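In the numbering used here, the protein residues as written are 20 to 853.
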């Protein structure tokens with residue numbers, strides 16, 4: 020049997036004439052159309068004028084704040100950050116808030132930082148002022164990454180909080196039943212140090228009942244409510260009317276990811292709340308291009324609308340205590356309709372869908388026969404086809420991107436992220452459609468060979484066998500050697516999706532809705548289908564599949580978009596997976612004669628597009644190529660040079676480094692950097708930029724603490740440093756540490772081979788600080804390796820400016836002065852310790 024002799028059709032009768040390829044093309048076109056419309060409708064609402072109203076969010080005022088905040092990079096401890104701090108204090112006071120600056124030494128896991136939080140209070144108008152666990156907290160961070168101005172991350176969030184505070188201050192007295200607290204935190208980019216300082220040490224922290232945090236991981240697109248605290252059901256209802264883009268699946272996913280924002284600090288304390296962020300325009304995230312001109316005003320408007328609505332609802336609510344009972348499920352439909360409901364409803368709908376699909380299969384056992392074994396083969400065949408599709412994308416991406424802008428690959432991909440997503444989706448979807456299309460006539464050896472070759476592409480360049488791809492291709496060849504009917508394939512796909520939906524419902528209940536409602540639509544269609552009668556025209560089956568295409572396309576299409584925006588730069592297949600599930604769900608719309616040819620054409624188009632993107636230079640003035648140098652003063656190796664770790668080359672860097680650059684034998688400044696360091700001696704420039712600041716370390720004493728020994732050290736820094744890394748020598752068993760008598764827990768094992776354990780400080784001031792180490796049995800350290808990073812090239816260096824198509828590299832050593840020194844521990848002085 021071949022592709023044009025497919026056996027039984029969906030009506031159970033032998034098919035004697037081949038169905039034309041238009042059915043497959045029309046079905047896939049319908050899926051694409053629904054997904055495209057969903058993406059369009061999910062864009063943020065248009066910017067509107069405020070007419071000067073004091074009670075509404077003003078995007079014009081918010082943008083003016085952003086332009087003040089994001090004039091230049093302003094990392095924690097910098098003079099630029101101090102200017103931003105003073106501006107924020109003045110703005111909050113102008114709105115009528117009581118403002119203070121909280122200056123604290125904040126600690127984390129093996130790290131510490133001096134931070135300056137801006138804290139404002141707008142007291143309630145009634146008896147609730149000062150009431151414990153009753154205040155509403157608006158939170159965002161005002162520090163930026165050292166190389167980014169921070170217009171979006173998180174200038175947009177800070178501007179939103181400033182505007183919300185102004186609106187709250189100008190509201191009717193009856194609308195403020197509880198205190199409003201504003202926290203503009205410092206040190207978030209380094210590890211949420213400011214938020215920890217507030218919740219650990221500020222007196223106002225005990226009054227916080229509800230938290231709203233505002234973040235960014237891009238520069239445009241809708242603002243997502245992607246994370247909620249416990250008992251936040253009433254807060255979710257406040258989003259109605261602000262065109263929210265919120266899905267409970269994102270909460271389930273995010274809580275299992277290593278990502279961290281200030282909101283996580285409030286979650287650790289069990290506080291209800293909502294976390295907002297926008298993620299389109301990833302190329303501007305943590306980049307020198309994160310400027311006010313690249314921040315989309317519509318995105319800022321969307322964030323402001325949701326902030327004002329949520330704040331007003333919380334301030335005027337009769338209670339902000341966490342809601343009792345199970346957490347709700349929620350989702351939005353095309354970005355225009357928002358639904359919130361109990362999670363048991365998902366499980367009930369899934370049980371109903373399961374029952375209806377079983378009933379439909381039982382009723383169709385005569386007209387559309389597919390035995391248990393055929394259905395089981397269908398399940399395995401669809402699963403293997405998905406696995407092969409994923410494997411092919413991973414294989415091809417590894418092949419074509421192995422040498423694609425090394426060291427700048429993520430920046431290069433993000434410059435054309437949508438195009439890459441379309442290429443991978445075409446490739447993955449085409450492979451799936453082709454496999455399931457050809458399965459109707461039995462998979463021939465040339466199909467199996469083609470799939471195996473695509474899955475084995477990494478062998479040609481990386482020299483390693485891509486085992487998952489080869490195994491999946493072998494499974495497909497074995498399972499589909501004999502033909503499968505359309506009914507067996509469709510029922511196999513339905514069974515596979517049901518199993519996956521039940522796994523989600525039980526393991527990740529907040530994410531079950533991405534499959535439950537599409538499956539319920541499919542089940543209803545399956546039950547209705549027999550009512551057409553045996554004389555129904557062929558197009559009626561296609562028409563009957565459209566409700567499934569619409570429901571599935573809206574839900575799974577948006578999921579594909581969000582996953583690709585969040586993770587697609589580093590995980591190319593992530594956005595294609597929901598599209599594959601959508602194709603399986605909507606198999607009735609496109610599975611027909613000619614599907615194999617259409618799928619092969621789509622896969623070939625995706626492959627050609629991916630290869631073509633490799634040959635397109637992604638960098639221009641809008642997306643500049645990262646290029647950087649830094650000053651390295653390495654006292655261990657006796658090196659004073661102008662250095663670069665970039666894997667890419669360009670004319671500006673060649674002119675700066677010149678022909679005298681050489682490879683540095685060892686890297687003792689950045690354990691995470693594997694690339695070669697090119698170094699050009701400073702020569703006469705060394706005198707122009709001055710000698711690096713020095714640091715001394717004295718032993719204050721060593722005291723027994725049970726089986727441990729407590730070693731107290733006094734560290735004296737000649738000058739302050741943006742970053743100070745202290746590495747302990749190999750063999751020293753450091754169990755815990757503290758700075759200025761504040762615990763930083765166990766130091767982290769993120770060092771070098773001979774200096775494996777690190778303690779990291781940020782915004783370290785000049786002068787003396789006390790470091791305490793609790794050390795187990797074994798040797799005591801006689802020296803520490805100190806690595807300092809000071810952002811900004813020394814003024815006397817006088818390098819030529821970068822041309823418009825280049826920007827600073829996005830790593831901590833870019834355009835910085837890095838010092839490396841082995842500091843011998845000075846012996847304790849006689850007499851009492853100071």
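Where a beta carbon is used, it is the ideal one built from N, C-alpha and C, also for glycine. Nothing here was measured: the structure is a model prediction, and the numbers come from that model.
For the candidate residues the options, whose alpha-carbon lies nearest to that of residue i?
i	options	result
residue 221	401, 120 and 412	120
residue 118	375, 136 and 102	136
residue 713	840, 139, 778 and 612	840
residue 434	308, 407 and 213	308
residue 403	428, 451, 440 and 437	451
residue 813	657, 652, 665 and 734	652
residue 59	576, 279 and 300	576
residue 664	622, 427 and 750	427
residue 334	191, 594 and 811	191
residue 251	829, 285 and 290	290
residue 286	440, 332, 230 and 241	230
residue 247	81, 273, 162 and 155	273
residue 854	143, 240, 56 and 41	In the structure as shown, the chain starts at 20 and stops at 853, and residue 854 therefore has no counterpart that could be examined.
Using the beta-carbon count (16 or more within 10 Å), is residue i buried or exposed?
i	result
residue 217	buried
residue 381	exposed
residue 535	buried
residue 77	buried
residue 856	This structure cannot speak to residue 856, because the chain is shown only from 20 to 853.
residue 232	buried
residue 228	buried
residue 697	buried
residue 640	exposed
residue 845	exposed
residue 638	buried
residue 657	exposed
residue 836	buried
residue 685	exposed
residue 737	exposed
residue 409	buried
residue 591	buried
residue 742	buried
residue 823	exposed
residue 541	buried
residue 416	buried
residue 61	buried
residue 525	exposed
residue 587	buried
Tell whether a beta-carbon distance below 8 Å holds between residue i and residue j.
i	j	result
residue 792	residue 758	no
residue 159	residue 177	yes
residue 359	residue 261	no
residue 140	residue 116	yes
residue 567	residue 605	yes
residue 764	residue 129	yes
residue 661	residue 687	no
residue 563	residue 369	no
residue 164	residue 237	no
residue 323	residue 81	yes
Does any C-beta atom of chain C lie closer than 8 Å to the C-beta of residue i?
i	result
residue 333	The structure shown contains no chain C, having only a single protein chain.
Checklist entry - Would you say the region 809-821 touches the region 762-779, given that touching needs at least three Cβ pairs under 8 Å? => result no
Next on the checklist: Three Cβ pairs or more, each shorter than 8 Å: is that satisfied between the region 594-601 and the region 393-401?
Outcome noted: no
Checklist entry - Three or more beta-carbon pairs under 8 Å between the region 698-710 and the region 748-762, yes or no? => result no
Checklist entry - Counting pairs of beta carbons, one from the region 335-350 and one from the region 125-145, are three or more of them closer than 8 Å? => result no
Next on the checklist: Tell me whether the region 81-88 and the region 628-635 touch, counting them as touching only if at least three CB pairs, one residue from each stretch, are closer than 8 Å.
Outcome noted: no
Checklist entry - Which ranges would you report for the beta strand (DSSP E) in the region 108-157 if only whole runs of at least 3 residues count? => result 117-127 and 130-141
Next on the checklist: Ignoring anything shorter than 4 residues, give me the alpha helix (DSSP H) runs that lie fully in the region 316-360, in order along the chain.
Outcome noted: 316-335
Item to check | the region 189-200 / the region 247-263 touching (three or more Cβ pairs under 8 Å) | outcome: no
Checklist entry - Is it true that the region 262-276 meets the region 524-538, where meeting means three or more beta-carbon pairs spaced less than 8 Å apart? => result yes
Next on the checklist: Would you call the region 277-286 in contact with the region 368-377, where contact means no fewer than 3 C-beta pairs closer than 8 Å?
Outcome noted: The region 277-286 vs the region 368-377: no contact.
Next on the checklist: Going residue by residue through the region 229-255, where are the continuous beta strand (DSSP E) segments of at least 3 residues, counting only ones entirely within it?
Outcome noted: 239-247
Item to check | Segment contact flag, the region 616-627 with the region 452-460, C-beta cutoff 8 Å, min 3 pairs | outcome: yes
Item to check | Secondary structure, beta strand (DSSP E): runs of 3+ residues fully inside the region 753-803 | outcome: Within the region 753-803, the complete beta strand (DSSP E) runs of at least 3 residues are 753-758, 761-764, 776-783 and 786-794.
Checklist entry - Considering only residues of the region 655-734, which uninterrupted alpha helix (DSSP H) runs meet the minimum length of 4 residues and lie entirely inside it, listed in chain order? => result 670-676 and 704-708
Next on the checklist: Could you tell me which whole beta strand (DSSP E) segments of length 3 or greater appear in the region 354-442?
Outcome noted: 356-361
Checklist entry - Would you say the region 711-730 touches the region 93-106, given that touching needs at least three Cβ pairs under 8 Å? => result no
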